[in-house]
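Working notes, beginning with the structure itself.
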Amino acid sequence: LFYIVKSTDHGNSWIPDTAGFKALGINAGTQTFDFFVDKQGIQFLGGSGILFSKKPGQPWKRDTAGIGLKSGEYIADVSLNNKKGIIYLGRRAGSFPTYSFAMYRRAIEDSVWHIVNTSVLATSEGRLVSDAEGNIVVRTLSGSYKIWRYDGSTWTQIPLPTGIGSSPFALKIAVDRSGVLWGAFVGSNLNKGVYFTSDNGTTWNYVGLNGVGIN
Numbered sequence: 188l189f190y191i192v193k194s195t196d197h198g199n200s201w202i203p204d205t206a207g208f209k210a211l212g213i214n215a216g217t218q219t220f221d222f223f224v225d226k227q228g229i230q231f232l233g234g235s236g237i238l239f240s241k242k243p244g245q246p247w248k249r250d251t252a253g254i255g256l257k258s259g260e261y262i263a264d265v266s267l268n269n270k271k272g273i274i275y276l277g278r279r280a281g282s283f284p285t286y287s288f289a290m291y292r293r294a295i296e297d298s299v300w301h302i303v304n305t306s307v308l309a310t311s312e313g314r315l316v317s318d319a320e321g322n323i324v325v326r327t328l329s330g331s332y333k334i335w336r337y338d339g340s341t342w343t344q345i346p347l348p349t350g351i352g353s354s355p356f357a358l359k360i361a362v363d364r365s366g367v368l369w370g371a372f373v374g375s376n377l378n379k380g381v382y383f384t385s386d387n388g389t390t391w392n393y394v395g396l397n398g399v400g401i402n
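Residue numbers (our numbering): 188 to 402.
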């Protein structure tokens with residue numbers, strides 16, 4: 188059986204969070220799921236061509252209107268943008284390194300997802316985070332791992348750190364509350380490290396963890 192449980196005391200105790208869950212007919216033995224919780228406490232459960240969501244205090248429901256997920260496609264990432272009231276979703280199909288990727292958005296209180304034009308990315312993978320200004324930041328795979336920022340209409344590529352070697356890969360990215368962008372990188376010479384930038388990639392500051400692969 189497949190359960191979702193929650194803890195409000197740092198893991199000392201756990202309680203089920205399954206209101207409306209059983210009625211969805213989810214079988215964890217035959218379906219693979221990705222699980223996300225956004226900044227407003229909305230839970231997302233994606234996999235096997237289906238996306239479910241649950242707002243705090245409400246039951247689970249299907250949340251795929253406008254996405255058109257097919258068999259073999261699954262939800263790669265979800266990110267809530269509090270400042271603009273938008274939820275972004277990445278859809279992925281296939282297997283590494285030949286993923287196909289699509290991106291969708293909808294208003295938090297809406298029920299229909301709308302596709303985002305990602306043709307400029309020329310990518311086959313995407314991971315999403317939101318920044319303090321209400322933009323979405325995406326890590327993509329297109330020959331190397333690149334970072335892009337999307338303001339709702341325009342895509343802008345963010346320069347990567349140069350001190351780690353040529354064609355650095357951004358393995359993971361995160362944005363903190365002050366809007367600083369962090370990345371775990373590996374370079375062509377297998378140098379590794381964590382860097383951050385507060386000026387959209389004009390300058391990157393090395394933090395540490397050289398030689399540690401952060402996946």
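Every residue gets a Cβ at the ideal spot worked out from N, C-alpha and C, and that includes glycine.
Computed from a prediction, not measured in an experiment: that's the story for all the values here.
{"Asked": "Between the C-alpha atoms of Leu238 and Gln230, what's the straight-line distance to the nearest angstrom?", "Found": "10 Å"}
{"Asked": "Looking only at its chain, what residues have a beta carbon closer than 7 Å to the beta carbon of Thr349, apart from the 5 residues adjacent to it on each side?", "Found": "none"}
{"Asked": "Between which residues of its own chain and Val316 is the CB-CB distance below 7 Å, once the five residues before and five after are set aside?", "Found": "Ser266, Val324, Ile360, Ala361, Val362"}
{"Asked": "Quick check on Leu396: does DSSP put it in helix, strand or coil?", "Found": "coil"}
{"Asked": "Just to confirm the assignment: which complete beta strand (DSSP E) runs, minimum length 3, are found wholly within the stretch 357-394?", "Found": "368-373, 379-384"}
{"Asked": "Provide the residue(s) that pair with Leu232 in DSSP beta bridges, ordered along the chain.", "Found": "Phe222, Phe239"}
{"Asked": "Which of helix, strand or coil does DSSP assign to Val316?", "Found": "strand"}
{"Asked": "Could you spell out where the beta strand (DSSP E) holding Thr195 opens and where it closes?", "Found": "Unbroken run through Thr195: none, as it is neither H nor E."}
{"Asked": "In the DSSP output, which residue or residues are listed as bridge partners for Pro203?", "Found": "Val192"}
{"Asked": "Please classify Val303: does DSSP put it in a helix, a strand, or coil?", "Found": "strand"}
{"Asked": "Assign Phe356 to buried or exposed, taking buried as 16 or more other Cβ atoms, counted over all protein chains shown, within 10 Å of its Cβ.", "Found": "buried"}
{"Asked": "For Val307, which residues in the same chain have their Cβ closer than 6 Å to its Cβ, ignoring the five residues on either side in sequence?", "Found": "Trp342"}
{"Asked": "Is it buried or exposed for Gly339, if we count other Cβ within 10 angstroms and need 16 for buried?", "Found": "exposed"}
{"Asked": "According to DSSP, Gln344 sits in a beta bridge with which residue or residues?", "Found": "Trp335"}
{"Asked": "May I ask you to list the residues that DSSP assigns as paired with Lys271?", "Found": "Its beta-bridge partners do not exist; DSSP assigns none."}
{"Asked": "Tell me the rounded alpha-carbon separation between Phe288 and Lys193.", "Found": "31 Å"}
{"Asked": "Quick one: Cα of Ala215 to Cα of Thr389, how far?", "Found": "Its pLDDT being 48, under 50, Ala215 is placed unreliably by the model, and the measurement read from it follows with that caveat. Going by the C-alpha atoms only, they are around 45 Å apart."}
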